[in-house]
Structures are given as C-alpha cells and as structure tokens.
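What follows is a set of notes on a single structure, which appears directly below.
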Amino acid sequence: MAFYRAHVLVCGGFPCVAAGCRAVRDAIERSVREHGLEREVRVVETGCLGPCDLGPIVVVYPEGTVYARVTVSDAREIVDEHLLKGRAVKRLEYTGHLPSVSLADDKRTDYFEIQERIVLENVGLIDPDSIEEYIGRDGYHAAGVALTSMSPDEVIETIKSSGLRGRGGAAFPTGVKLGFTARAEDDQKYIICNADEGEPGTFKDRLILEGDPHKVIEGMIILGYSVGASMGYVYIRGEYYLSIERIERAIEEARKYGLLGADIFGSGFDFDIEVKKGAGAYVCGEETALIESMEGKRGEPRQKPPYPGTCGLWGKPTVVNNVETIANVPPIIRNGADWFRQFGTPTSPGTKVYTLTGDVNNKGLIEVPMGITLREVIYGVGGGIPGGRRFKMAQTGGTAGGCLSEAHLDIPMDYENLQEAGSALGSGALLIIDDSHCIVDTACILLHFFEHESCGQCTPCREGTRRLCDIFRKVGELTATEDHLKLARELAEVMQSSSLCALGQSVAVPLFTILDHYADEIKAHLEGRCPAGVCRRLPTGVDEEAYVTSHAGGGIK
Amino acid sequence: MKSLDDLKKIKERAQAMTELREGTEETRMVVGMGTCGIAAGARDTLAAVMDEVNTRNLRHIAVTQTGCIGLCEYEPIMSVTRHGEPKVTYGRVTPEKARQIIASHVVNGQVVGDLVISSK
Chain A
5 MAFYRAHVLV
15 CGGFPCVAAG
25 CRAVRDAIER
35 SVREHGLERE
45 VRVVETGCLG
55 PCDLGPIVVV
65 YPEGTVYARV
75 TVSDAREIVD
85 EHLLKGRAVK
95 RLEYTGHLPS
105 VSLADDKRTD
115 YFEIQERIVL
125 ENVGLIDPDS
135 IEEYIGRDGY
145 HAAGVALTSM
155 SPDEVIETIK
165 SSGLRGRGGA
175 AFPTGVKLGF
185 TARAEDDQKY
195 IICNADEGEP
205 GTFKDRLILE
215 GDPHKVIEGM
225 IILGYSVGAS
235 MGYVYIRGEY
245 YLSIERIERA
255 IEEARKYGLL
265 GADIFGSGFD
275 FDIEVKKGAG
285 AYVCGEETAL
295 IESMEGKRGE
305 PRQKPPYPGT
315 CGLWGKPTVV
325 NNVETIANVP
335 PIIRNGADWF
345 RQFGTPTSPG
355 TKVYTLTGDV
365 NNKGLIEVPM
375 GITLREVIYG
385 VGGGIPGGRR
395 FKMAQTGGTA
405 GGCLSEAHLD
415 IPMDYENLQE
425 AGSALGSGAL
435 LIIDDSHCIV
445 DTACILLHFF
455 EHESCGQCTP
465 CREGTRRLCD
475 IFRKVGELTA
485 TEDHLKLARE
495 LAEVMQSSSL
505 CALGQSVAVP
515 LFTILDHYAD
525 EIKAHLEGRC
535 PAGVCRRLPT
545 GVDEEAYVTS
555 HAGGGIK
Chain B
2 MKSLDDLKKI
12 KERAQAMTEL
22 REGTEETRMV
32 VGMGTCGIAA
42 GARDTLAAVM
52 DEVNTRNLRH
62 IAVTQTGCIG
72 LCEYEPIMSV
82 TRHGEPKVTY
92 GRVTPEKARQ
102 IIASHVVNGQ
112 VVGDLVISSK
C-alpha cells in the first residue's frame with residue numbers, strides 16, 4: 005500500500021455533483037499531474053461531507069483543511085499553494101467544523117460534539133468505490149463474526165436487545181420484525197432494502213448509499229443470515245443514478261471478494277443481492293406497494309394482513325427494511341447491543357440521520373443522538389436561521405410528518421415525544437420555516453403534494469386529498485369560513501381511519517398539527533387577514549381558473 | 002473470502018489507506034517548501050522522504066510542507082516531531098540526509114545532532 009503524504013477528498017455526494025465537483029476533481033487531478041505530484045498526493049471522491057449548500061467541498065488531509073464552494077480555477081490554486089507549497093488557501097477555507105473531518109481533540113467544539121456518527125461513520129471519509137477502504141475501517145467484520153460465530157437467533161436477539169427501530173418512518177422494532185420472518189417456514193425468504201426514498205426533503209438514504217454502499221451490503225448479509233434468506237434486493241428510485249452506480253459497483257466488488265455468493269466466510273451461508281430500480285412513485289416507499297412494483301405490477305398497496313414478514317415478495321416471507329436501519333446493523337453486531345444503547349434514549353436508542361433543509365444556515369446531512377431537542381438541532385448544528393428571522397415551524401419526518409411550532413423547540417426528538425406532540429420522526433426530513441412564510445400557504449403546498457401522489461386506488465385518499473386542497477385554497481383566498489375547517493377536520497379523520505395505506509392515513513398528521521398549533525393565524529385568514537402578508541383575496545373580475553393556475557404551487561421559494 | 006483471517010489480512014493492508022484522514026499520526030515531518038526551499042532542492046528532499054517512508058512501509062506518519070520560516074540560508078529545512086517529544090528542525094537537508102534522518106530519528110528516536118538547527 006503506497007504512502008501518500010496528502011489525501012485530497014472531493015465530496016461526491018449528489019448535491020456536490022450537481023454543483024460541479026466532478027470538474028473540480030478533474031482539475032485537481034490534472035494539476036497534480038502537471039506538478040508531478042501523483043505519487044505523493046492521492047485524490048479521492050467520497051460520499052457526502054454534510055453541508056450540502058457549500059459544495060463542491062474539498063478536504064485536504066493530514067491537516068483536515070476544508071475548502072468550500074471550490075471552482076475549477078480554485079482547484080489549481082489549491083494544488084499550487086497547498087499541496088505544492090504547503091500554504092492553505094485562506095480565501096477558500098471553511099472555518100466551521102465538519103463532523104466527518106477528523107480533528108485533533110483540542111480543536112473540537114460543543115457544536116462538533118452534538119453530532120454522533122454511527123450510520124455515517126465512513127461517509128465522507130472513505131472512497132465508496134473501494135471495498136478495501138471499507139474493510140480497513142472494520143468493514144465486513146460484523147458479517148464475519150455473525151456468520152462464523154453466532155447463531156441466527158443470537159443475531160436477532162442482539163438486534164432485539166439493542167432496541168433498534170425502523171428508521172424509514174414507522175419505527176417498528178427491527179428485531180421483532182426479523183423474528184416473524186425467521187419463524188416463518190418456507191424454502192425461500194427475501195431481504196429487501198427499501199431505498200425508494202420519496203418523502204420530500206429527505207435524501208439521507210441516497211447519501212448513505214452513495215457514501216458507504218458496502219455498509220448496506222454488509223447489513224443485508226447479516227439480516228439475510230438471521231432469517232435464513234439467500235437473496236436480497238435493493239429497491240431504489242430510478243433517478244438516484246449515483247446511488248445505483250455506486251451500490252452496483254459495490255455489489256460487484258463484494259462478489260469478487262467472496263463476500264456475496266456461495267459459502268460466505270466458509271460458513272455454508274449463501275447470499276446475493278440484486279438492484280431493482282423503481283420509477284419514483286411516492287406510494288412505492290410503502291412496503292407492500294414496493295413489493296407489487298417489484299413483481300412487475302402496478303405500485304399499489306396490498307391489504308394487510310398478511311404482512312410481508314410472512315407473505316411478501318412472490319408470496320414468500322420477506323423482510324423490508326429502510327437503508328438507514330440496515331446501516332445500523334453492522335455497528336450493532338460489531339460493538340454489541342449495550343454499546344448501541346448508550347446513545348439516544350432508553351426507548352429510542354441510537355442516532356438519527358436527518359436532512360436539514362429550509363430556512364437554516366447549515367443545510368445538509370447530519371446525524372445526532374435520539375432525544376436531542378429541536379432547538380439544539382436548529383441553533384446548534386444548523387447554525388440558526390438566516391437573516392436573524394424568527395423560527396416559525398419545523399416539519400419533522402417529511403410531508404407526512406407533523407408541524408412543530410415554537411412551543412415545541414425544547415421537546416426531545418425521539419419516537420415517543422414527537423408522537424405526543426402530534427408529529428413523527430418519520431424518514432428524517434427536517435424542514436425549517438421562518439416567519440416570512442404563511443402557514444396556510446405552506447399547508448396548501450403540502451396538500452397539493454398528497455393530491456398529486458395519491459395513487460387513486462382507494463376513495464378516501466383519492467377524493468379526500470383533492471377536497472382538502474380545495475378547502476385550503478379557499479382559506480388562502482381569504483374566503484373560507486369556520487365550516488370549511490370543520491369539514492377539513494372531518495375529512496382528514498375519515499381518511500385516517502379508512503384509507504388503504506399510510507399515504508391517505510397520514511395526511512391528518514400535518515393537517516391536525518397545523519390546525520392545532522397555528523389556530524390564531526388560521527383564524528385571522530377566516531377574518532380576511534393574512535398575518536404574514538402572503539395570502540391575498542382573489543381579485544374580482546378575473547378568470548378564476550386562470551388566476552389560480554398561474555398562482556398554484558407558489559409559496560415557499 | 003473464506004474466513005475471518007482472510008478479512009483481517011486485507012484489513013491490515015487497507016488500514017494504511019485511511020489512517021492519514023483519522024488524525025492518528027505519531028510522527029510528523031514538515032518540509033519547508035517556500036520559494037527558497039524549492040530553489041534549494043526541497044522537492045528532491047520531499048521526494049526522498051516519500052520514497053523512504055514507502056520503502057520502509059512506515060505507519061502513523063504525516064508528511065506535510067510549510068512555507069518559508071525565515072531561515073532561507075539553511076533550506077531545505079525539515080522538522081520532525083515525534084508524539085510527545087520536542088520538535089527538532091534540521092537544516093540543509095539533502096535527499097541523502099533526509100534518508101539518514103528517517104532511519105535514525107523517525108524510526109529509532111535518535112536525533113541526528115550535527116544537522117539540527119533548533120530543538121524545542
């Protein structure tokens with residue numbers, strides 16, 4: 005293994021790719037070659053480094069210097085100055101700390117301490133295309149230990165006692181889920197990794213797959229072993245090109261190293277993984293709709309029970325787990341259940357990966373222990389709200405999650421406490437909205453999303469989402485009455501109890517929290533006034549339909 | 002991959018790849034690469050350092066550069082800091098001398114006395 009005196013890590017998460025990191029990487033490599041430094045300096049494309057709006061990001065080790073918003077001409081300067089002459093380019097240096105960048109102890113700050121990396125331990129630190137770098141960071145050790153020295157029951161028991169719960173939104177105890185499938189008797193069982201991440205504002209699974217694909221593969225091997233499944237599938241959104249590219253390459257590498265295929269670790273256990281691409285329907289993130297889609301049918305949810313645990317893909321027992329859940333498995337097996345329980349709270353152990361977006365200074369990918377408060381996330385990790393504006397609302401868990409107001413800033417973010425506040429941890433999207441936005445306008449946008457994504461199979465969801473949209477548009481036009489709101493509540497209640505799947509059922513979550521937490525602001529709209537100054541009465545004498553169409557989808561810019 | 006031992010072998014080989022990014026270095030060598038240093042041949046010195054580290058397969062080492070420290074007369078300048086020990090700065094480090102410093106100081110902890118220009 006050749007020694008390089010400097011490693012240049014170029015963030016290759018999709019936000020940075022979109023910002024042009026590939027051209028920057030090429031420019032750095034070209035410049036390195038021009039100076040004859042190619043045997044001294046190693047250029048690595050990594051997974052997401054975190055602060056996505058600062059991309060393209062470049063980190064130079066061993067100093068751990070972070071450069072933000074690097075352009076192609078900056079790239080030359082970094083090579084000329086930093087790599088050749090040893091002078092950091094101050095002009096481009098990002099002085100905030102990135103949790104993925106290792107620092108000497110004396111440089112650590114409170115801000116840094118808030119984050120805890122379990123799932124993201126390698127993301128932004130290793131080359132996702134290099135299986136050896138993953139192995140060098142203890143990769144596949146957990147799979148090796150599980151397959152050679154633990155019984156399947158012991159694996160399930162360890163996961164059970166770790167208290168790991170599903171990170172895709174439903175928070176079902178992972179160990180219990182595995183138990184169902186392990187007990188089911190069948191000649192063929194399946195593991196499905198649900199990477200159909202459809203919740204608006206969520207892109208954590210995408211970045212986990214991009215940054216550390218081998219961890220997901222390792223987790224799937226362990227899960228497969230624990231329930232006796234010999235085949236795994238990664239069901240992934242078709243437009244996640246980079247994730248697909250990286251996971252497919254990783255699967256190939258793992259096969260080459262004998263980590264997938266027959267007789268893994270000489271244990272007699274066979275396992276292989278295939279990637280299935282979805283077409284990007286929101287409802288296909290629902291596990292039974294996902295399975296239908298995999299079977300080549302229209303992506304519509306199934307009646308439950310039976311649950312996939314006993315009757316899933318092709319009618320066989322199937323474990324469907326979220327990417328982040330699976331990525332938690334190798335560290336748990338490696339370090340034990342007690343180690344995992346030291347993070348987070350007793351009922352929600354571990355960490356949670358969030359994608360922090362909206363009106364907050366540090367947008368991007370973060371991983372924090374369960375149970376820290378919204379305030380710590382927004383004002384600590386997130387660096388506060390831009391322009392000194394006031395916090396208005398945080399929506400946790402994506403569009404189907406609840407909206408929390410200022411009064412909730414100090415509740416601990418874990419499954420129980422958020423549920424009590426009428427919200428949910430959900431998929432890990434954290435949308436922060438400041439006081440320049442109107443709550444009714446925001447609600448319109450949310451409801452429009454549900455209307456658009458409803459698959460149309462069941463009536464409550466198909467019709468309900470449309471009517472709710474109409475009602476809130478009226479509120480936004482300042483022409484609604486108290487009766488409209490009553491009707492909205494009733495509709496949402498019916499949808500909650502009678503929709504076939506979580507899509508229709510969960511519309512009530514954001515809706516009720518908005519109605520409850522922002523009652524005054526909504527009341528003002530009934531009185532013909534929008535406190536945020538966003539909503540206006542429909543002018544008289546205009547073509548109503550044309551006016552509404554031209555204003556539809558406005559709102560959060 | 003037929004056993005845990007196979008995995009361990011790869012791991013040992015692979016760990017060196019990411020070590021540099023984890024801040025676990027025990028020895029840091031800094032070569033002066035200001036204009037004066039480069040003019041005095043610091044590029045060759047640095048290349049020799051890299052080569053020596055590679056041939057000896059040294060681990061937990063960081064090799065970095067710095068600008069002019071004001072002693073242009075003594076360039077190429079190289080300093081060695083072993084964990085918990087004072088920083089030792091050497092002057093007029095030719096490639097041969099760099100190899101000598103690595104063999105003696107970095108590997109065996111013996112400061113090369115006649116090349117030292119400062120030690121604190």
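Going down the list, the protein sequences come from chains A and B. The number in this note's numbering is simply the position in the first sequence, starting from 1, with 4 added. The number in this note's numbering is simply the position in the second sequence, starting from 1, with 1 added. Just so you know, even glycine gets a beta-carbon here, dropped at the ideal spot from N, CA and C.
| Query | Result |
| --- | --- |
| Same chain, Cβ closer than 8 angstroms to Ala-40(B), neighbours up to 5 away in sequence not counted | Glu-76 |
| Status (buried if at least 16 other CB within 10 Å, exposed otherwise) for Gln-346(A) | exposed |
| Asp-209(A) versus Glu-201(A) - alpha carbon distance | 7 angstroms |
| Cβ-based burial, Asp-78(A) [other Cβ within 10 Å; buried from 16] | buried |
| With 16 other Cβ atoms within 10 Å as the buried cut-off, status of Thr-351(A) | exposed |
| CB contact flag (Arg-169(A), Pro-177(A), <7 angstroms) | yes |
| C-beta neighbour in chain A for Val-64(B), strict 7 angstroms | yes |
| Proximal residues of chain B, C-beta to C-beta of Gly-90(A) below 7 angstroms | Met-34, Thr-65, Gln-66, Thr-67 and Gly-68 |
| Gly-362(A) CB to nearest heavy atom of the ligand MG below 6 angstroms | In the structure on display, the ligand MG does not appear, and there are no ligands present to speak of. |
| Span separating the alpha-carbon of Val-279(A) from that of His-218(A) | 14 angstroms |
| 3 or more residues per run - each beta strand (DSSP E) lying fully within the stretch 399 to 445 of chain A | 433 to 438 |
| 8 angstroms contact criterion, which Pro-464(A) and Val-513(A) should meet: CB distance rounded | Contact doesn't hold; Cβ gap of about 15 angstroms is too wide. |
| Beta-carbon proximity check, Ser-458(A) vs Thr-446(A), cutoff 7 angstroms | no |
| Cβ separation of Thr-292(A) and Pro-305(A), assumed to be a contact under 8 angstroms, to the nearest whole Å | 5 angstroms |
| First and last residue of the uninterrupted beta strand (DSSP E) at Gly-71(B) | Gly-71(B) -> no beta strand (DSSP E), and no H or E assigned at all. |
| Contact set for Ala-425(A): own chain, Cβ-Cβ below 7 angstroms, skip 5 residues either direction | Gly-406, Leu-408, His-412 and Ile-415 |
| Residues that Val-62(A) bridges to, as DSSP identifies them | Val-14(A) and Tyr-71(A) |
| Any C-beta of chain A under 7 angstroms from that of Ser-105(B) | no |
| CA-to-CA distance, Gln-119(A) to Arg-112(A), given in whole angstroms | The predicted model places Arg-112(A) with a pLDDT of 42, which falls under 50 and marks its position as unreliable, so this point remains unresolved. |
| As assigned by DSSP and simplified to three states, the class of Asp-267(A) | strand |
| C-alpha distance - Ser-153(A) paired with Ala-175(A), whole-angstrom precision | 29 angstroms |
| Short-range partners of chain B found in the stretch 116 to 135 of chain A, where Cβ spacing is below 7 angstroms | Leu-129 and Ile-130 |
| Listed by chain order, chain B residues near Ile-268(A) by CB distance under 8 angstroms | Met-2 |
| N-terminal and C-terminal residue of the alpha helix (DSSP H) that Ala-199(A) is part of | From DSSP, Ala-199(A) is part of no alpha helix (DSSP H) but of the beta strand (DSSP E) over 194 to 199. |
| Under 8 angstroms by beta carbon: chain B residues contacting Arg-241(A) | Within chain B, no residue comes near Arg-241(A); the closest Cβ sits about 30 angstroms away, beyond 8 angstroms. |
| Within chain A, partners of Lys-19(B) - CB distance below 9 angstroms | Looking at the sequence shown, residue 19(B) is not Lys but Thr. Chain A residues near Thr-19(B): His-11, Asn-126, Leu-129, Ile-130, Asp-131, Glu-137, Gly-140 and Arg-141. |
| DSSP-derived helix/strand/coil call for Ile-330(A) | helix |
| Cβ shell of Gln-461(A) (< 8 angstroms), same chain only, five flanking positions each side left out | Glu-304, Pro-305 and Leu-504 |
| Same chain, Cβ closer than 6 angstroms to Ala-285(A), five either side skipped, listed in chain order | Gly-303 |
| CB of Thr-185(A) within 7 angstroms of CB of Val-63(A), strictly | no |
| Residues near Arg-46(A) in its chain [Cβ-Cβ closer than 8 angstroms; skip 5 each side] | Tyr-8, Ala-10, His-11 and Val-12 |
| In chain order, each beta strand (DSSP E) run of at least 3 residues that lies wholly inside the stretch 86 to 112 of chain B | 89 to 91 |
| Proximal residues of chain A, C-beta to C-beta of Val-54(B) below 9 angstroms | Phe-7 and Arg-9 |
| Where the alpha helix (DSSP H) through Gln-500(A) begins and ends | 486 to 502 |
| Closer than 7 angstroms to chain B by CB, Leu-360(A) | no |
| Proximity winner among Met-417(A), Ala-536(A) and Trp-343(A), relative to Ser-440(A) (alpha-carbon distances) | Ala-536(A) |
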